[in-house]
Every structure is written in structure tokens, then in C-alpha cells.
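Data first, discussion second: the structure below is written as C-alpha cells.
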Amino acid sequence: MKKRYLAIGFLILVLAVAMTAAACGGDEETTTTAAPSTDTTAAPSTDTTAAPGTETTAAPSTDTTATGPATGEPIKIGYSTSLTGSSAAPGSSFGQGVACEVEYINANGGINGRPIEAIQYDDASEVPNAIANINKLIQEDEVFMTIGPFAQYMQEPARQIAEDMKVPMAGGGPATLDQLAGTQYQWSVMGSAGPPVHADAVMKVIQENGWKNILGIGDVLAIHQETMDLLVEAGPENGFTFTKMPDQFGFDQTDFQPILNRMMEEINKINPDAILDWANFGGAGPIYKGLRALGVTVPILGSPATAHPAIFGIVGPEAVEGLMVLDSGGIVNPFALPDDFPLKAVQVDFFERYQAKYNAMPDFFAAFGADLVILAAEAMKQAGGADDRAAVAEALINLQDVVTYEGIQSFTPDATSMGVKGFMVQYEITGGQFEFMKVLN
Numbered sequence: 263m264k265k266r267y268l269a270i271g272f273l274i275l276v277l278a279v280a281m282t283a284a285a286c287g288g289d290e291e292t293t294t295t296a297a298p299s300t301d302t303t304a305a306p307s308t309d310t311t312a313a314p315g316t317e318t319t320a321a322p323s324t325d326t327t328a329t330g331p332a333t334g335e336p337i338k339i340g341y342s343t344s345l346t347g348s349s350a351a352p353g354s355s356f357g358q359g360v361a362c363e364v365e366y367i368n369a370n371g372g373i374n375g376r377p378i379e380a381i382q383y384d385d386a387s388e389v390p391n392a393i394a395n396i397n398k399l400i401q402e403d404e405v406f407m408t409i410g411p412f413a414q415y416m417q418e419p420a421r422q423i424a425e426d427m428k429v430p431m432a433g434g435g436p437a438t439l440d441q442l443a444g445t446q447y448q449w450s451v452m453g454s455a456g457p458p459v460h461a462d463a464v465m466k467v468i469q470e471n472g473w474k475n476i477l478g479i480g481d482v483l484a485i486h487q488e489t490m491d492l493l494v495e496a497g498p499e500n501g502f503t504f505t506k507m508p509d510q511f512g513f514d515q516t517d518f519q520p521i522l523n524r525m526m527e528e529i530n531k532i533n534p535d536a537i538l539d540w541a542n543f544g545g546a547g548p549i550y551k552g553l554r555a556l557g558v559t560v561p562i563l564g565s566p567a568t569a570h571p572a573i574f575g576i577v578g579p580e581a582v583e584g585l586m587v588l589d590s591g592g593i594v595n596p597f598a599l600p601d602d603f604p605l606k607a608v609q610v611d612f613f614e615r616y617q618a619k620y621n622a623m624p625d626f627f628a629a630f631g632a633d634l635v636i637l638a639a640e641a642m643k644q645a646g647g648a649d650d651r652a653a654v655a656e657a658l659i660n661l662q663d664v665v666t667y668e669g670i671q672s673f674t675p676d677a678t679s680m681g682v683k684g685f686m687v688q689y690e691i692t693g694g695q696f697e698f699m700k701v702l703n
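The sequence shown finishes on residue 703 if you use this note's numbering, and the numbering steps up by one all the way, no holes.
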């Protein structure tokens with residue numbers, strides 16, 4: 263049991279994020295090599311309930327032919343992330359995950375002996391900045407391909423740039439329902455599990471607990487709002503009623519009393535037997551703490567964006583005791599995962615490397631950043647290197663069974679917007695730890 267990481271990591275993480283946000287400006291470049299520091303389109307993916315396979319347990323495949331540290335001509339990849347602004351905390355974790363994985367790949371031969379050089383720009387959590395950064399990376403820095411950007415709401419313009427400029431892009435997501443239902447991009451992918459996978463996992467929790475009347479509230483993230491929309495639709499046919507509150511809040515919300523007041527109105531009106539606190543950790547923690555202080559005792563479930571060690575630094579471990587959360591892949595505490603879980607070995611390895619590098623535990627956002635490096639590296643490997651962008655793009659949209667920290671990812675040319683189609687894990691915060699409950703899909 264390696265629970266010690268949580269106790270010593272969360273305060274360091276919070277302080278490190280704050281220092282990073284203060285130090286970084288809107289157009290600052292960071293380069294990582296061997297030792298790094300609105301038209302929606304995309305096709306539907308309907309397979310959201312398949313259980314994780316057990317045959318894939320090896321580490322992510324990133325070593326092409328070389329062994330030992332990569333020493334050849336660097337392959338430049340670039341990305342925009344949010345080091346300042348409203349998404350600074352998760353955006354910084356994302357960047358650290360990228361750097362950690364680049365370091366690992368380069369130490370193990372790179373791509374045909376060539377190291378990856380990652381160039382990072384801060385977008386200050388603003389879409390226009392991200393667009394400018396991506397164009398700069400392609401036109402001035404002449405990167406071979408891009409990854410990211412971090413924020414979900416930046417994926418669509420980034421994918422359009424990749425398509426227009428014919429530069430491969432390993433993007434994250436998660437895709438919106440419109441993006442899952444639209445036309446495909448052929449020069450980029452999005453990896454993260456989307457609303458159907460999240461809703462499927464929540465519905466399993468609802469049914470296993472026998473909840474019949476659930477109240478939900480969320481922040482402005484599309485993944486949170488659309489997951490709840492799917493639960494509203496699914497309720498009548500699955501024996502429950504899901505009431506979605508229209509109230510939303512942003513990442514910069516600091517006074518949650520108005521939200522709590524509105525929630526108490528709804529709680530008193532419908533008397534729910536469970537609550538979805540479907541928000542980023544910065545909002546989910548204060549809401550959970552506030553509801554418990556107001557005497558609400560029903561079970562409360564948070565989203566994967568809540569499964570973040572910084573939640574303890576925001577409200578304190580005791581304040582979130584008993585909060586259940588979902589996690590995409592289970593990275594928040596991989597040591598507690600079952601031994602036959604196909605991601606456990608690679609997640610423990612990543613966790614320990616990240617812990618050693620940053621003296622803090624990784625979270626979903628760090629794993630998310632690392633996963634994009636894995637996808638990019640695997641596409642270059644399958645294309646025979648980083649010489650032909652079109653060949654890498656073709657490999658990218660045809661990747662199959664790639665082991666990443668969020669899940670095992672697969673794409674086809676007519677489904678490039680959601681690589682992860684399961685691997686949602688349920689935890690409960692107990693004694694300042696994320697304690698494993700079960701794998702949901």
C-alpha cells in the first residue's frame with residue numbers, strides 16, 4: 263500500500279501549481295527533450311460498455327528500434343496548455359504529464375533513436391491564445407505534429423487547424439455529443455472518454471445502489487452538462503428519475519453559497535436519494551463540504567475532474583470524507599486497483615516516475631497529457647518515423663489497442679473522436695485517501 267503519496271503530495275502539488283501559474287506568462291515557451299521540466303465534426307461511437315480487456319498489460323509501446331537514450335536529431339512536437347487563467351491548475355498538471363512521458367520515451371530510445379522535443383506555450387485558458395500558439399508552433403517553430411491543447415473547448419479549432427494545414431494532431435477531448443455525431447477529421451484524433459462512457463458508468467452506480475431519484479448540478483464543462491443530459495434521457499427506461507439543475511458555475515467561482523442555496527431549494531423540493539456533484543475539483547469540494555454542513559446526508563458522487571489530489575488542499579481531507587468519485591483509468595490511486603486490471607502496471611510505473619520527478623502524485627490531467635505523447639509516439643512508430651506527416655496522420659486515425667493511462671485506445675477513420683470507451687473506476691475518499699471501490703466499464 264503506497265498511500266503515503268497522497269499525504270505528502272497534495273500540498274506540494276497545490277503550491278507548485280500556484281507558483282507555476284504566477285511565474286508563467288501568456289506566450290512563454292518551454293522546451294522539453296531528454297530531461298524536460300466552430301463547426302463540430304466527428305463520428306459517433308456507440309460502444310461504451312465493453313469491459314476492459316485483460317490481454318494487454320505491457321507498458322505503452324514507444325520504443326521503435328533503438329535501445330538506450332535517444333541521441334539523434336530531435337523530433338519537434340508542440341502544444342498549448344493553460345498555465346495561467348481559470349484552468350491553470352489542471353493545465354499545469356497536463357504539461358507536467360507531457361514532460362514526464364517525453365522524458366521516459368527519450369530515455370528508452372525515442373523514435374528510431376531520435377528524441378522528442380516538446381515545445382510548450384501558455385494560452386492563459388483562452389481560445390484565441392491557443393489558436394495563436396498552435397499557428398506559431400506550426401509556422402514558426404516548424405513542429406512535426408501537435409498534441410493537445412489542454413482545454414476541451416479548444417479541441418475543435420485545433421482540429422480544424424490540423425486539417426487545414428495537414429499537420430497531425432493527437433488531441434484529448436473529451437468530445438461533445440455533436441462532435442461524436444458529426445463528420446470525421448482525418449488529421450487528428452481525440453482520446454478521452456466522452457459523455458456516453460461517463461453516463462454509462464454513472465448509470466451503473468445508480469442501478470447498483472438502487473437510487474431512484476437523483477439530483478445533479480455541474481460546472482460549465484460540456485462533458486459534465488452532456489453526461490447529465492444523457493442521464494435525464496436514460497432515466498425513464500432504467501427505473502430512475504434524474505433532475506438536472508439549470509444552474510451552472512465557472513472555474514473562477516469562489517462564493518458557492520448562492521449555488522448551495524439553490525441546491526437546498528431543489529433538495530427540499532424533490533428529496534433525492536443521491537446527488538451528482540458533477541464539477542471540477544475546485545467546485546466539487548466546496549459544494550460537498552457545504553451540503554454536508556447543511557445537513558445533507560445522501561450519497562454524493564463526483565466526476566473524474568473531482569478525482570484530483572488538490573481537492574484536499576482546497577477544503578481539507580476531512581471536509582470531503584465519504585465523497586465518491588469516478589476516475590478515467592483509475593490513475594488517482596493505481597496501487598489500489600485489482601491486479602488483473604489491464605492498466606495497473608503501466609499506471610503504477612507512471613505514478614512512481616511522476617512522483618519521483620515532481621514530488622507530487624499525478625492526477626487525471628497529468629495522465630491525460632502523457633497519453634497524448636503516447637498516441638503521437640505510437641503513430642510515428644507505426645508510420646516508420648517522423649518523415650512523412652501524411653503517413654503519421656494515417657497511422658494515427660488507425661491506431662488499435664494502444665495502452666494509455668486513461669484506457670486502451672482505438673480509432674478508425676470513421677470514428678476518430680473517442681479513443682477510450684470504458685475504464686471508468688469508482689473511488690471513495692476515506693481517511694484522506696482515494697479508496698478503490700470498483701471498475702464500472
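Backbone N, C-alpha and C fix where the C-beta goes; we use that ideal spot for every residue, glycine too.
Just so you know, these numbers come straight off a predicted model, no measurement behind them.
The continuous beta strand (DSSP E) containing GLU697 extends over residues 695-701. ASP589 is classed as buried because its beta carbon has at least 16 other beta carbons within 10 Å across all chains shown. DSSP places LYS606 inside the alpha helix (DSSP H), whose first and last residues are 606-620. Under the 10 Å beta carbon count, THR343 is surrounded by 16 or more other beta carbons and is classified as buried.
Proximity to TYR667 across MET686, ALA638, PRO336, GLY591 peaks at GLY591, based on C-alpha coordinates. Looking from the CA of GLU402, the closest CA among GLY340, LYS474, ALA648 belongs to GLY340. Sequence-distant partners of LYS619 (beyond 5 residues in either direction) whose C-beta falls short of 6 Å from its own C-beta, in its chain, are CYS362. Comparing alpha carbon positions, the residue from PHE513, PRO458, ILE468, ILE670 closest to ALA413 is PHE513. Between the beta-carbon of ALA628 and that of SER355 there is about 4 Å, and that keeps the pair under the 8 Å contact cut.
Proximity to LEU585 across ASN595, ILE573, TYR366, PRO596 peaks at ILE573, based on C-alpha coordinates.
Boundaries for ASN475: no alpha helix (DSSP H) harbours it, while the beta strand (DSSP E) harbouring it runs 475-480, taken from the DSSP string.
Counting C-beta pairs closer than 8 Å gives three or more between the region 364-377 and the region 645-653, which meets the contact rule.
Straight through space, the alpha carbons of SER454 and LEU442 are spaced by roughly 12 Å. In the three-state scheme derived from DSSP, where H, G and I count as helix and E and B as strand, ILE593 is classed as coil. Boundaries of the beta strand (DSSP E) around ALA536: 536-540.
In the three-state DSSP reduction, THR343 falls in the strand class (E or B). Residues of the same chain with a CB within less than 6 Å of the CB of ALA546, apart from the 5 flanking positions on each side, are ASP539, GLY564, THR568 in chain order. Per the Cβ contact rule, the region 680-687 is in contact with the region 451-465 (3 or more Cβ pairs under 8 Å). Excluding the 5 residues flanking it on each side, VAL701 has same chain C-beta neighbours closer than 6 Å at VAL687, in chain order. With a 10 Å radius around the Cβ and a threshold of 16 neighbouring Cβ atoms, ALA555 comes out exposed.
Secondary structure note for THR489: its alpha helix (DSSP H) is the uninterrupted segment 484-496. Secondary structure at SER454: coil, using DSSP grouped into helix, strand and coil. Per DSSP, the beta-bridge partners of THR692 are GLN695. For the pair of segments examined, the region 456-470 was found to touch the region 479-492: the number of CB pairs separated by less than 8 Å reaches three. By DSSP's assignment, MET465 forms no beta bridge with any residue.
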